[in-house]
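Here's the structure, in structure tokens; my notes come after.
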Amino acid sequence: MDTAAHCQAYADLAIGCFGPHGRLKALQAAPNTPASVLTSISGPLLQGIRTMHPVQQLLSAGAAQAQHAQYGDGGLGCLYLAARLTQAALKESATRAHIYEACCTLEELSGWIQELLAPGSGAGSGALERVACTSLQHYLALCRGVLAPKLACVLEGEEVERLVGLTAEAFVASLPDAAPGPAAAPAVRVTLHPVRGAAIDDSCVLPGVVLPVDDVPPEALEALLASRGATLVPGDGGAGGDAASAVRVGVLLLSGGLDTPASLYNTAKAADVSSGVQVVVEQGSSAAQGDVEEQELQRLQEALAALLRPAGSVRLVACQKGIHPGLQEWLLGQGVAPLQRLGAARLAALSLASGCAPLETLVGSAALAPGQGLCEVSARVQEVAGSRLLQLVPAPLSGGRAPPPPAATLVLGCSSDLLCDLVQAAVDAALRLLRTTLLQVGDAGGRLLVLAMGKEFCADVLPSTYGCRPRPLCPELGALSGS
Numbered sequence: 059m060d061t062a063a064h065c066q067a068y069a070d071l072a073i074g075c076f077g078p079h080g081r082l083k084a085l086q087a088a089p090n091t092p093a094s095v096l097t098s099i100s101g102p103l104l105q106g107i108r109t110m111h112p113v114q115q116l117l118s119a120g121a122a123q124a125q126h127a128q129y130g131d132g133g134l135g136c137l138y139l140a141a142r143l144t145q146a147a148l149k150e151s152a153t154r155a156h157i158y159e160a161c162c163t164l165e166e167l168s169g170w171i172q173e174l175l176a177p178g179s180g181a182g183s184g185a186l187e188r189v190a191c192t193s194l195q196h197y198l199a200l201c202r203g204v205l206a207p208k209l210a211c212v213l214e215g216e217e218v219e220r221l222v223g224l225t226a227e228a229f230v231a232s233l234p235d236a237a238p239g240p241a242a243a244p245a246v247r248v249t250l251h252p253v254r255g256a257a258i259d260d261s262c263v264l265p266g267v268v269l270p271v272d273d274v275p276p277e278a279l280e281a282l283l284a285s286r287g288a289t290l291v292p293g294d295g296g297a298g299g300d301a302a303s304a305v306r307v308g309v310l311l312l313s314g315g316l317d318t319p320a321s322l323y324n325t326a327k328a329a330d331v332s333s334g335v336q337v338v339v340e341q342g343s344s345a346a347q348g349d350v351e352e353q354e355l356q357r358l359q360e361a362l363a364a365l366l367r368p369a370g371s372v373r374l375v376a377c378q379k380g381i382h383p384g385l386q387e388w389l390l391g392q393g394v395a396p397l398q399r400l401g402a403a404r405l406a407a408l409s410l411a412s413g414c415a416p417l418e419t420l421v422g423s424a425a426l427a428p429g430q431g432l433c434e435v436s437a438r439v440q441e442v443a444g445s446r447l448l449q450l451v452p453a454p455l456s457g458g459r460a461p462p463p464p465a466a467t468l469v470l471g472c473s474s475d476l477l478c479d480l481v482q483a484a485v486d487a488a489l490r491l492l493r494t495t496l497l498q499v500g501d502a503g504g505r506l507l508v509l510a511m512g513k514e515f516c517a518d519v520l521p522s523t524y525g526c527r528p529r530p531l532c533p534e535l536g537a538l539s540g541s
């Protein structure tokens, strides 16, 4: 296949997935396997296509994937334009010298146009360098422009419009109340949590970070919600929650795990001879069988007790990796709920929401300082579409420290795994586009104006129009519905 044929194939691929009438493409893992992925979004679509030819790599990684990575949307359009422009250049250029000359001319022309469109260069030219979002109408328009083409073939119009409103509501809910600096602006983000087997109408926005109750052991959940010394905090209940069901507890965040080296080999995978991996554990002759693991566990308990005892309010230990079963029993005996295997994404979301950096190790940590491994959250159990979720909302920081950016979780109701993957990818693309648009507002005053207008309008309009909490209708509802 020559270069022109590669360009035509990529152009047909892009135009076949583009727009509301586009169709999903099946990416088969291997010729003789039924495993496949259905998608029409440029990012995951082109990641699953093997590129061997240099032109394929240019169109895929250099054009579509770069566009999707930077802005979250527009990858298919960028791919189609790049493929057709390359086709036109090949058609008009008979030799390699002509192609090189055309590339040099295009580069010079691009620089010339960019100079002409620079701000203040002339009275007869101008350029729009950024999208100035000064109201929630612009947020909704951007979300609609991303979600409608991607989901119109699998969802009804009302369902797409509901996701548009919820995406904008979650984004605005995650914005800080004051204008952040350039370093803090990229931290604005929303966590997505799918609920499989639910409907799109069951989707909602919850503050903080949520975890499935099924992932929390019953003993740990009971110890957390009935913690000794925990403080009850009132709340609005969110989406179907109890107004007085939240408790404020201290949380210890660990980016690693609380396990002994010897127990790492006591797994089915390590004992599987067919895996072809031989594990050799060296143990001193002076120690009996199991004594080494018991000593390591004892050291972990002493180090953890030295951290928990001065703090006093810690009732939850959240680890990215596993916790030794013996240590879990010890924590439950101390009235502390252990949460293990949260994963990097959930731990990072909780760390970002609370403004607390997780501890990497217990070694050398003589005491817990605020903001270093220790934070306070309000914990409650929410129910969304029959699925119970543990909601963790960071409490205000003590000691006069600046509060972290608000955190929001968009709970997505999806009837199937396939729909869940499609909706998650589309909503994530819309959120990334909104975040990129916000970062384009360079001055602090302009960003503060965006945040103030967005939050004020969102508090009145979005929950009554798209959200789960009924609110009185407001005058802006008619204008919003007609946009």
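Residue numbers (the working numbering): 59 to 541.
C-beta atoms are modelled at their ideal positions from N, C-alpha and C, and glycine is treated no differently.
Item                                                                                                                       : Value
Same chain only: Cβ atoms within 7 Å of V222, ignoring 5 sequence neighbours per side                                      : L198, C201, R202, L205
Inter-residue Cα distance where the pair is T109 and D486                                                                  : 25 Å
Exposure of Q356, with buried meaning 16 or more beta-carbon neighbours within 10 Å                                        : exposed
Cβ-based neighbour list, A281, same chain, cut-off 8 Å, excluding 5 preceding and 5 following                              : R373, L390, G393, V394, A395
Separation of A284 from Q114, as counted between CA atoms                                                                  : 58 Å
At least 3 beta-carbon pairs within less than 8 Å: the region 245 to 265 vs the region 465 to 473                          : yes
Cβ-Cβ separation, L362 to L420 (assumed contact under 8 Å), whole Å                                                        : 6 Å
Element boundaries [beta strand (DSSP E), containing G471]                                                                 : 466 to 472
Buried or exposed by the 16-neighbour rule on C-beta atoms within 10 Å, applied to K149                                    : exposed
Environment of H156 [buried if 16+ CB atoms lie within 10 Å]                                                               : exposed
Whether H126 touches G135 by CB criterion (8 Å)                                                                            : no
Cβ pair L11, V271 closer than 8 Å                                                                                          : This structure gives no information on residue 11, because the portion of the chain shown stretches from 59 to 541.
A210 to R220 span [Cα, whole Å]                                                                                            : 12 Å
For T249, three-class secondary structure by DSSP                                                                          : strand
Length at least 3, wholly inside the region 369 to 428: the beta strand (DSSP E) runs in chain order                       : 372 to 377, 395 to 397
Cβ shell of A406 (< 6 Å), same chain only, five flanking positions each side left out                                      : none
Bounding residues of the alpha helix (DSSP H) (the contiguous stretch that carries G215)                                   : 215 to 231
Straight-line Cα distance separating F229 from T494                                                                        : 12 Å
L385 to Q359 span [Cα, whole Å]                                                                                            : 7 Å
Chain-order list of residues whose beta-carbon lies under 6 Å from that of R366 (same chain, five-residue window excluded) : The residue you asked about is not Arg; residue 366 is Leu in the sequence shown. Excluding residues within five positions, the ones whose Cβ falls inside 6 Å are V372.
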